[in-house]
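Counting from 2, one number per residue, gives the positions in the sequence shown under my numbering. First up is the structure itself, then whatever we jot down about it.
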Amino acid sequence: MIRVECTWGYQDAIDTDRSGWHIFQANSAGGVSVKGIVTNYGEKAVKKYSVYFVACNGADEIVECEASGKKVVEVSSADCILPSSTQKLFFENVWYNRSIRRVEVFHIDVVYTDGTTESCDGNYVPTQEEQQAERENSKRILSKVFSKIILPFIIILLLVCILSAIFLIKFFQM
């Protein structure tokens with residue numbers, strides 16, 4: 002499983018103060034870059050990954066890149082990330098849009114060195130064990146809902162039908 006933590010802004014080669022990174026700002030052309038850290042919390046080495054980002058304006062609406070027209074931007078890396086390791090990421094001018102106020106990880110696809118794959122929405126890819134546990138938990142919840150709500154409702158409905166049938170039979174016998 003991997004986790005992607007990022008921020009957005011722009012890199013200014015002229016600005017020597019704090020390595021020239023301007024957080025939460027577009028550059029003079031409206032370009033917005035993404036930088037952050039990818040952490041491999043799993044036991045397998047990551048062969049490559051793709052991160053899909055969306056950017057939102059001040060009203061929390063997803064905005065598109067004014068140059069490409071894309072709302073979801075994919076960035077990929079083929080750098081291996083060993084288990085319990087981190088890797089810095091930097092992708093320059095992912096969007097051109099001055100209205101951006103927030104950038105989010107929308108989706109992640111991961112390919113491991115053994116050829117297996119994982120994907121998820123958001124900035125975290127759960128392990129296969131976590132995915133299985135989530136499925137089992139969903140089944141338990143559905144089972145409880147069925148046994149505590151749906152089954153009693155069906156029994157009550159059947160009793161009403163039986164009582165109605167008895168009433169109609171008695172009514173027409175008179």
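In this text, a Cβ means the ideal position worked out from N, Cα and C, and glycines have one as well. None of the values given here were measured: they were computed from a predicted structure.
* Asked: Of all the options E65, S29, E6 and W96, which has the alpha carbon lying nearest to the alpha carbon of V39?
  -> That would be E6, whose Cα lies nearest to the Cα of V39.
* **I157 (DSSP reduced to helix, strand or coil)** => Of the three classes helix, strand and coil, the one that applies to I157 here is helix, per DSSP.
* Boundaries of the beta strand (DSSP E) in which T40 is found, first to last residue -> Per DSSP, T40 belongs to the beta strand (DSSP E) from G32 to N41.
* **Range of the contiguous beta strand (DSSP E) that encloses K49** => In the DSSP assignment, K49 falls within the unbroken beta strand (DSSP E) covering V47 to C57.
* Cα-Cα, which of F147, I3, L90 and S86 is closest to G37? -> The residue from F147, I3, L90 and S86 with its alpha-carbon nearest to that of G37 is L90.
* Report yes if the C-beta distance between H23 and G10 is below 8 Å; otherwise report no. => Yes, these two residues count as a Cβ contact at 8 Å.
* When we look at the beta-carbon of G59 and count the other beta-carbons within 10 Å, is it buried (16 or more) or exposed? -> So G59 counts as exposed.
* Determine the closest residue to L83 out of S29, E105 and I3, with distance taken between C-alpha atoms. => Answer by Cα proximity: I3.
* Taking one C-beta from the region 46–61 and one from the region 101–119 each time, how about it: are there three or more such pairs within less than 8 Å? -> Yes: at least three Cβ pairs fall under 8 Å.
* **Beta bridge counterpart(s) of C121 as assigned by DSSP** => The partner list for C121 (beta bridge, DSSP) reads I109.
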